[in-house]
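Colleague:
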Amino acid sequence: MASVAVPLFVAGSLVSASSTLAAGEAAEDAANYEASQLRRNAGNARATSQRAASEEKRNERLAQSRLRAVSAASGASASDATMEDLTADIAAEGEYRALSRLYEGESAAQGMEAQAEGAIYEGKAKKKASQLNAAGTLLSSGSTLLQKYGGGGASAGGTSTSFGTSDRTNYNVRAGKGGM
């Protein structure tokens, strides 16, 4: 019965180790995919914020245009101190809003890139853990085989055993080819 059990045990151990390694590879692949998606999203966040900043600058230009139209309709001069102050205020507000949009997008993008790096690190760690688990499975299986079937070491009674010796000796004795 041991002649069938040992190969099955070894095969089971190899399949277990192999599946552990495959799980580690799959975890790393999934982490890399997640990281690529996060990086793509980071690029999209930057692009969206640039578009929003451009829109804020456009709104600033529209506000400046409206200010000039209203002031001209009221008879005010473009060189009045009040007009210059209002023009400067609108320009400052437009710049602030545009830069705020860029900052929001950059901040979101950096957060996504940090998540991507974390995902890659996690994938590598899972792959390494699977390699160690697979090695542990194989070592444990080898140890179990040695304990169960011996490996040439001394047993408690001071004798050693090896595979097949007693069967061959018994065969030789029964066949009349040796022994007593």
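Taken in order, the sequence shown gives residues -22 to -1, 1 to 158; the numbers are from mature numbering (1 follows the signal peptide of the UniProt record, and there is no 0). Where is the CB? At the ideal position from N, CA and C, for every residue including glycine. Quick caveat: nothing in here was measured; it's all calculated off a predicted structure.
Give a yes or no on contact between the segment 73 to 91 and the segment 19 to 28, applying the rule of three or more CB pairs nearer than 8 Å.
Modeller: Taking 8 Å as the limit for Cβ pairs, the verdict is that the segment 19 to 28 does touch the segment 73 to 91.
Colleague: Looking at C-alpha atoms only, which residue of L(-15), L64, A(-6) is the closest neighbour of T115?
Modeller: Here residue 115 refers to the residue found at position 137 of the sequence shown. The candidate whose alpha carbon is nearest that of T115 is A(-6).
Colleague: Helix, strand or coil for D63, going by three-state DSSP, please let me know.
Modeller: In the sequence shown, counting from the first residue as 1, residue 63 sits at position 85. The answer is helix: DSSP assigns D63 an H, G or I state.
Colleague: D7 by DSSP, collapsed to three states: which one?
Modeller: On the sequence shown, position 29 is the one that residue 7 refers to. Here D7 sits in helix by DSSP.
Colleague: Are the Cβ atoms of S27 and L77 separated by less than 8 Å?
Modeller: Here the question's residue 27 lines up with position 49 in the sequence shown. Here the question's residue 77 lines up with position 99 in the sequence shown. Contact: no.
Colleague: Taking 6 Å as the limit between beta carbons, can you name the residues of its chain near A97, skipping five residues before and five after?
Modeller: As a working mapping, residue 97 is identified with position 119 in the sequence shown. Answer for A97: A9, E12, A13, listed in chain order.
Colleague: Short of 8 Å in beta carbon distance, which residues of its chain neighbour A86, apart from the five on each side in sequence? Order them along the chain.
Modeller: What you label residue 86 is simply residue 108 of the sequence shown in a count that begins at 1. Within the same chain, A86 has close Cβ partners A20, A23, S27.
Colleague: Could you tell me whether the Cβ atoms of A56 and R46 are closer together than 8 Å?
Modeller: Residue numbering aside, residue 56 sits at position 78 when the sequence shown is read from its first letter. Residue numbering aside, residue 46 sits at position 68 when the sequence shown is read from its first letter. Cβ distance < 8 Å, so A56 and R46 count as in contact.
Colleague: Suppose the cutoff is 7 Å on Cβ atoms and the five residues either side in sequence are ignored; what does the same chain contact list for E82 look like?
Modeller: On the sequence shown, residue 82 is found 104 positions in, with the first residue counted as 1. Cβ neighbours of E82 beyond the five flanking positions: S27.
Colleague: Among the residues of its own chain, which have a CB less than 6 Å from the CB of S108, if the five just before and after it don't count?
Modeller: Here residue 108 is taken as the residue at index 130 of the sequence shown, counted from 1. Counting only Cβ-Cβ distances below 6 Å, and skipping sequence neighbours, we find T(-3), L(-2), A1, G2.
Colleague: Just to confirm my understanding: we take S43, look at its own chain, exclude 5 residues before and 5 after, and list those with CB closer than 6 Å. What are they?
Modeller: Numbered from 1 along the sequence shown, position 65 holds the residue referred to as residue 43. Result list for S43: empty, nothing under 6 Å.
Colleague: Taking a contact to mean a Cβ-Cβ separation below 8 Å, would you say S121 touches S(-10) in this structure?
Modeller: Position 143 of the sequence shown, counted from the first residue, corresponds to residue 121. Position 13 of the sequence shown, counted from the first residue, corresponds to residue -10. No, these two residues do not count as a Cβ contact at 8 Å.
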